[in-house]
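Below: the structure, in structure tokens.
Protein chains: 4
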Amino acid sequence: MALSLPEVPPTAGLLDRYRHVRAVSEALCAPLSKEDMVVQSMPDVSPTKWHLAHVSWFFETLVLREHVAEYRPLDPAYEVLFNSYYNSIGEQFPRSRRGLLSRPGVDEVLEYRARVDAHMHRLLERGVDDALAKVVEVGLHHEMQHQELLLMDILHVLAQNPLAPAYLDEQLPRGQSPAALEFEGIAGGLVEIGHAGDGFCFDNEGPRHKVWLDDFALGRRLVTNGEYLEFIVDGGYERPLLWLSDGFAWVRQEHVAAPAYWRKQRGEWFEFGLHGLAPVDPALPVCHLSYYEADAFATWAGARLPTEAEWEHASAGANSRGTYMSSLRLHPRPADLEDRLQQLFGDVWEWTQSAYAPYPGFAPASGALGEYNGKFMANQLVLRGGACVTPPGHVRGSYRNFYYPHQRWMFSGLRLARGA
Amino acid sequence: MALSLPEVPPTAGLLDRYRHVRAVSEALCAPLSKEDMVVQSMPDVSPTKWHLAHVSWFFETLVLREHVAEYRPLDPAYEVLFNSYYNSIGEQFPRSRRGLLSRPGVDEVLEYRARVDAHMHRLLERGVDDALAKVVEVGLHHEMQHQELLLMDILHVLAQNPLAPAYLDEQLPRGQSPAALEFEGIAGGLVEIGHAGDGFCFDNEGPRHKVWLDDFALGRRLVTNGEYLEFIVDGGYERPLLWLSDGFAWVRQEHVAAPAYWRKQRGEWFEFGLHGLAPVDPALPVCHLSYYEADAFATWAGARLPTEAEWEHASAGANSRGTYMSSLRLHPRPADLEDRLQQLFGDVWEWTQSAYAPYPGFAPASGALGEYNGKFMANQLVLRGGACVTPPGHVRGSYRNFYYPHQRWMFSGLRLARGA
Amino acid sequence: MALSLPEVPPTAGLLDRYRHVRAVSEALCAPLSKEDMVVQSMPDVSPTKWHLAHVSWFFETLVLREHVAEYRPLDPAYEVLFNSYYNSIGEQFPRSRRGLLSRPGVDEVLEYRARVDAHMHRLLERGVDDALAKVVEVGLHHEMQHQELLLMDILHVLAQNPLAPAYLDEQLPRGQSPAALEFEGIAGGLVEIGHAGDGFCFDNEGPRHKVWLDDFALGRRLVTNGEYLEFIVDGGYERPLLWLSDGFAWVRQEHVAAPAYWRKQRGEWFEFGLHGLAPVDPALPVCHLSYYEADAFATWAGARLPTEAEWEHASAGANSRGTYMSSLRLHPRPADLEDRLQQLFGDVWEWTQSAYAPYPGFAPASGALGEYNGKFMANQLVLRGGACVTPPGHVRGSYRNFYYPHQRWMFSGLRLARGA
Amino acid sequence: MALSLPEVPPTAGLLDRYRHVRAVSEALCAPLSKEDMVVQSMPDVSPTKWHLAHVSWFFETLVLREHVAEYRPLDPAYEVLFNSYYNSIGEQFPRSRRGLLSRPGVDEVLEYRARVDAHMHRLLERGVDDALAKVVEVGLHHEMQHQELLLMDILHVLAQNPLAPAYLDEQLPRGQSPAALEFEGIAGGLVEIGHAGDGFCFDNEGPRHKVWLDDFALGRRLVTNGEYLEFIVDGGYERPLLWLSDGFAWVRQEHVAAPAYWRKQRGEWFEFGLHGLAPVDPALPVCHLSYYEADAFATWAGARLPTEAEWEHASAGANSRGTYMSSLRLHPRPADLEDRLQQLFGDVWEWTQSAYAPYPGFAPASGALGEYNGKFMANQLVLRGGACVTPPGHVRGSYRNFYYPHQRWMFSGLRLARGA
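Chains as they are written, first to last, in the numbering used here: chain A, 1 to 420; chain B, 1 to 420; chain C, 1 to 420; chain D, 1 to 420.
Right, dumping it as structure tokens:
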């Protein structure tokens, strides 16, 4: 079935935005069979139907159970089955075993969603106070994150299949390779980063705080497949001196020789994506890199990765044009070089060299939402800017995404940086 | 949906038996959702839809491709996807990853079956020579084995689910515990075992050969849950001197404290089965034991397990009454003590102490069928007699089933033996 | 330091034999440094000093503690540290961690031995009753087993070292390759196997019992390195149809391409042994094979492995000439074809296709000695005949050695068999 | 044998300092047997004799081979055997297998050291240019690091032994518990961190650079065993909300319930250390904590860990008194509260919340020394201040030690921090 996503005016109220976000999640399942929606292809991946259920569990647990007296859960077991990692709420069914659960099936999960929606609609029609509105807002952004996860995860599931089934039938045209990479110098100094203003943000984006930055330069666009191919051809994956020690150990142990979804067939590189299998297009941003690969490429290129403070400082006032989920092109686009500094937002998440750590003065949100971000502040690195599978309006200049350095099933690429 | 299985007169011809076996496989899926049919809960388990496809692949590969000129495969990739372990045919998709394949979906697999069936029907209507008839016969017995595997596997899948979903809704009545176990003495001597006569058998059942047996005695019935509970209560799982060394290491490493599907809830033992979760019924034969458990129980009981030669010798002329798949009671029944030696066939497979090894003079079948049995003759032990999930007419006195000593997702129990 | 082993007249009494066996164990350490004697190179291997201590623990625990009132243990912790696997005696320090114990050091272990010896000498001088003499006898045979283990283990330790240090400096002369293999026909019938007579045997060698054997034939000598090289050159390790299923999985997983201690250097095969590294000598019996390799070779050669009953029946009355530990040539010798059926004893252990299982009517010894053999009767296969590292006089026609099918650090080779 | 360490005047020249550092390494082995010096108790640990050899390899490879024409290596294989991780130099024997090498033995390693020393003495007597002097200087600091590693490692080795053998016989007196913890406020602002001046430092300590710090406060002393016991008693290890997500997973998987070398015996906590096993002394700084434990304790205490910039800024001008290796008390001492901010140096390494990352403008040293630090800048966290096993004069305010968050065999503890 073809994919088409509902739209909502940016000025819509909470109820309309609730309806919209919920509808998008279900619309994303249109190209999928029930069988697709059960499979868990690695512990990091969740089945599609688990995503659909978990985001409903979020509203059920944090809104309905606490604020709607007449609400009755569909099945008390769901409290455990669809709790992702909230210890303050209770036990969780083990993450790595989500794919073993054939029941509740897709139909039952949709029924669960409908029941939660019915109550949420009624509640939002009645109106909610600011505190509760804020929780609902978190729930909407939470569901948007899971829309992206759903797409990342289903790509990973489909990629296990030698039949190489495409999520979207539409094949992508070849792009035109951009001109040679140039750097844009950016003035440093004592700057501020972190979320400012009244708009929504997650707790990990604040507090806004001072950071000293030396002058630096950023690549004007993302690194391309074509450039990454040069790294491969130059023996990039066989040269330990280009790599972090842990990175090279990972390369050896996992027999890594290319980005996650690249496959060599009869001497030619192909890339598998949500639009299916196609020859690697040198014009496109390279995607599905681990931190180790991004770092090794930067070393090879005589550059480095930006820090998150550099990225955020540079992005202030930058154009937020880019490829998002709403484009129905679920693959990054080539640079067009219209802006001096482009592709900061959308297309692919950009690895930074910054460990995901609390900002000075950071305090987690109170209650269960305090587990949302803070407890993951170890062993991960920050990525910035969003990707082609990110819902539009979800990402910001201060938005901090984070992954372990070996992970690469998300839409991750890189932009080079260097000293001024 | 309720389960009902088609029947076929025992005198039916090859085509009718083909139709019947194929129909039974599909009928067994009636109680299952598409989601159920995708999940693989451990490497030993295959998804239901894989079973449905693989048994068709068998006919496609060994009959249609070789003997039907006009046959065109539905998808050439299926040759690899649905090859279980036949190296002489070609590559295989890795067994432990079968659950990662959401495509082909259930509908496509059924379409694949229909296409194979159409050609097989036409072929069998035309008539086949004896050699080909024998291959078709193997294919039918092969599919019957997979019907049992399908039920074993779906039980394992459903058992992972904390919702404890039942395959069959009908709950089982409590049984009446049989009288204390007595032994039946059996005269040994220079006997013959192995398949005799013209009927169908697998290659591993022959050649028929001489074996010397001392006089021995067999338990007149299977060991019951009630007796096994006494072993547990007596500290059976904590006493290393009752166990084989490898067995006790397995108990410790896997934290084993009861048969596979037993669960203690608020101090009481429950058993999960195809009829759902119910209190352990002491009258029923104990089921889902590993070899290690069967051996430790026998040691505790001051007895031993029979050899396969003893079992086969004793079963000659015995009543083949017992619970089979056709009864739609997919759980063993209590003994009724009408016969002096009963429950030899059906109900639960009986562990023997005999390693699965070639009989003297054994030669594997030629061609791909040579991989059917012979290459597994290491590290496994023989079980005899069939179970409540075995298709009727599938098992024989000479039938050799085989599993690794730690496995217990099959319907395995035990009968005691001792010297005369 | 050079190796020289004390001798004892075969007619010596128990005390003299005790002195002799104990002296041999220590003499075997002469070529080793203290550092050599600490290392454990895999869980199956024990450090040399652990062997020296454990065999003393055996006498201490089963003789001195029970029968010598004035005996005081050197250190009560040794009861746990040097208990190998006797649950009836108590807890054991984990086997896989023996190499982590630097203390007690070699000197302390030798002091421990001296203390045990002093008490044992006094006890044996006083004289012991028949029951206790039998336990001492078991202790001596137990220590002889550990002498062989010590040599197997130190070979494995030294083999980890890229410096390829030799246990013995003496290099071996090249042998003369024997003539093409011939088979010796042997008449079957209703024969008896198992230990007979009054001499010492382990409990697993009995009871003597009847077995039916069809007529068969055995290779007149062991399979040679030269023959095994042909198997390798013929792609033996890449052809799944030659292998048991578990065997080929082992080959793939462990990247096996030759016997355990073979190494290819600049296109030539070398073999590492107790005499150091030398080019593979085609004349010598092939050694350090797993069961899987022995079985695959036999299949490739159009033959099979013998059963243990065939081997034992054929060995009755055979010449027991062969290479044993006492020769100080700790590597198998080529066949000389003087006898029609030769190399049955000494040189290399011969894999049989027989699972290690209890003989009919087997009952383990009582007390702690009951754990000596019986609890290992699962998952292992029987090897017969002894090897060049076996103490002379230790092996018999009824002697059953046993290993897991993937193991090959013992001196294991094969003899072919086939039907008559 | 008792431990006594040579001394050297701080004003000594390069040759005398070379002699001194080398002599200390060997003196540290006095309490050890040869057997102790071979064992590797986990992949992170190296055998004592490997440390002795590797530090010599460093001088051999980076000084003698390149600058002493007449130098002949003792054994060319040592180049691989004793290379730790320098890919620019060549292959390395795998780290996790160092404990499998009984040869070269301790005597041969000492001979190797003597040979390297003889050439180094001659070279240093002749005099070296500044560039080479700098390499020798790195070699001395490298060997000092390995002196600390040698002590950490031998503690881990001895801790595996149920005999609990002490490295040093001298037992430690009980300390007097310090008064309740107070915090010292420290003014932030735009400060500089990183090494300044002409003294020796590692490449990772620079460049000196600006950092903005908000005002903050540091605990005036280290956290004590007594305080940590309160955390344990309060259920610290069972409360997931106190832990980072990865930390709690580690606690569960490794069954962690106390610092690394604590053991509960008959209800009382004991601590194993280089002075043997003794009851936990509440007055002493808690030691052998992972980052996860340090972070969880800080959360429980309503505080946080300092950043490395905060620590370094606060340490400027602080007293460097503390317990170092030279004291022959190889265990931390209690605080005495003479200074407002004390125990910054020596006693235990202090976990910071700062990921080990390159400072702005960091460039690794050229040549092989470029692999010394930079390639480890992922997945690790910075610890500051040195420990009781650190050679005196080795640590500095700018010194960055680094470990993975789960590691705790180093002498690691914590100091609390909080906002102003």
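Glycine residues also receive a C-beta, built at the ideal position from the N, C-alpha and C atoms.
Using only alpha-carbon positions, find the residue among the options that is nearest to residue i.
{"i": "Ala431 (chain B)", "options": "B:Arg95, B:Ser398, B:Ala118 and B:Tyr372", "result": "For residue 431 (chain B) there is no data in the structure shown, the boundaries of chain B being 1 and 420."}
{"i": "Val421 (chain A)", "options": "A:Leu328, A:Arg220, A:Arg65 and A:Ala196", "result": "Nothing about residue 421 (chain A) can be reported from this structure: the residues present for chain A run from 1 to 420 only."}
{"i": "Arg263 (chain C)", "options": "C:Pro279, C:Val251, C:Gln253 and C:Glu254", "result": "C:Pro279"}
{"i": "Pro10 (chain C)", "options": "C:Ala2, C:Val21, C:Leu3 and C:Ser4", "result": "C:Val21"}
{"i": "His141 (chain D)", "options": "D:Gly199, D:Gln92 and D:Val128", "result": "D:Gly199"}
{"i": "Tyr18 (chain B)", "options": "B:Val55, B:Ala164, B:Ser33 and B:Val39", "result": "B:Val55"}
{"i": "Ser41 (chain A)", "options": "A:Ala296, A:Glu26, A:Asp153 and A:Glu125", "result": "A:Asp153"}
{"i": "Leu110 (chain C)", "options": "C:Asp130, C:Ser96, C:Arg400 and C:Trp57", "result": "C:Trp57"}
{"i": "Gly219 (chain A)", "options": "A:Pro178, A:Glu170, A:Asn401 and A:Asp281", "result": "A:Pro178"}
{"i": "Thr224 (chain B)", "options": "B:Asp107, B:Gln343, B:Leu151 and B:Leu369", "result": "B:Gln343"}
{"i": "Gly322 (chain B)", "options": "B:Pro240, B:Pro162, B:Arg266 and B:Asp336", "result": "B:Asp336"}
Which chain A residues are close to residue i, counting only those with a beta carbon under 8 Å from its beta carbon?
{"i": "Gly361 (chain D)", "result": "Asp214 and Gly419"}
{"i": "Ala77 (chain B)", "result": "Pro162 and Leu163"}
Give the interface partners of residue i over in chain B, defined as CB-CB distance under 9 Å, in chain order.
{"i": "Ala357 (chain C)", "result": "Thr307, Gln353, Ser354 and Ala355"}
Might you give, ordered along the chain, the residues of its own chain that have their beta carbon closer than 6 Å to the beta carbon of residue i, omitting 5 neighbours on each side?
{"i": "Asp339 (chain D)", "result": "Asn319"}
{"i": "Ala357 (chain B)", "result": "Met377"}
{"i": "Arg115 (chain C)", "result": "Leu74"}
{"i": "Gly273 (chain C)", "result": "His331"}
{"i": "Ile193 (chain B)", "result": "Val211, Ala309 and Glu312"}
Residue i touches chain A at which residues, Cβ-Cβ below 7 Å?
{"i": "Pro405 (chain D)", "result": "Ala378 and Asn379"}
For residue i, which residues does DSSP report across the bridge?
{"i": "Phe183 (chain B)", "result": "B:Gly219"}
{"i": "Arg304 (chain A)", "result": "A:Ala417"}
{"i": "Trp262 (chain D)", "result": "D:Glu271"}
{"i": "Leu381 (chain C)", "result": "C:Ala355 and C:Tyr403"}
At 7 Å on the CB atoms, spell out the chain C contacts of residue i, in chain order.
{"i": "Lys34 (chain D)", "result": "Lys34 and Glu35"}
{"i": "Lys210 (chain B)", "result": "Trp212"}
{"i": "Leu190 (chain B)", "result": "Leu190 and Trp212"}
Identify, in the order they occur along the chain, each residue of the same chain with its Cβ nearer than 8 Å to the Cβ of residue i, setting aside the five sequence neighbours on each side.
{"i": "Gln92 (chain A)", "result": "Val80, Asn83, Ser84, Tyr85 and Tyr86"}
{"i": "Ser326 (chain A)", "result": "Leu5, Glu7, Pro391 and Pro392"}
{"i": "Asp214 (chain A)", "result": "Gly188, Gly419 and Ala420"}
For a contact meaning CB atoms closer than 9 Å, what does residue i contact in chain D?
{"i": "Val223 (chain A)", "result": "The premise fails here: Val223 (chain A) is roughly 19 Å from chain D at the closest Cβ pair, so nothing lies under 9 Å."}
Applying a beta-carbon distance threshold of less than 8 Å, which residues of chain D neighbour residue i?
{"i": "Ser41 (chain C)", "result": "Leu100"}
Give me the chain B residues within the contact set of residue i, using Cβ-Cβ distance strictly less than 8 Å, ordered along the chain.
{"i": "Tyr85 (chain C)", "result": "Ser245"}
Quick one: which residues of the region 376-389 of chain A get their C-beta closer than 7 Å to a C-beta of chain D? List them in chain order. Of all residues in the region 376-389 of chain A, Phe376, Met377, Ala378 and Asn379 have a Cβ within less than 7 Å of some Cβ in chain D.
Which residues of the region 88-122 of chain D have a Cβ closer than 9 Å to any Cβ of chain C? Give them in chain order. Among the residues of the region 88-122 of chain D, those with a Cβ less than 9 Å away from any Cβ of chain C are Phe93, Arg97, Gly99, Leu100, Leu101, Ser102, Arg103, Pro104, Gly105, Val106 and Asp107, in the order of the chain.
Using a beta-carbon distance cut-off of less than 9 Å, what residues from the region 235-263 of chain D approach chain A? Under the 9 Å Cβ criterion, the region 235-263 of chain D contributes Arg239, Pro240, Leu241, Trp243, Leu244, Ser245, Asp246, Gly247 and Phe248.
Could you run through the region 148-181 of chain A and flag, in chain order, every residue whose CB is less than 9 Å away from some CB of chain D? Residues passing the 9 Å Cβ filter: none.
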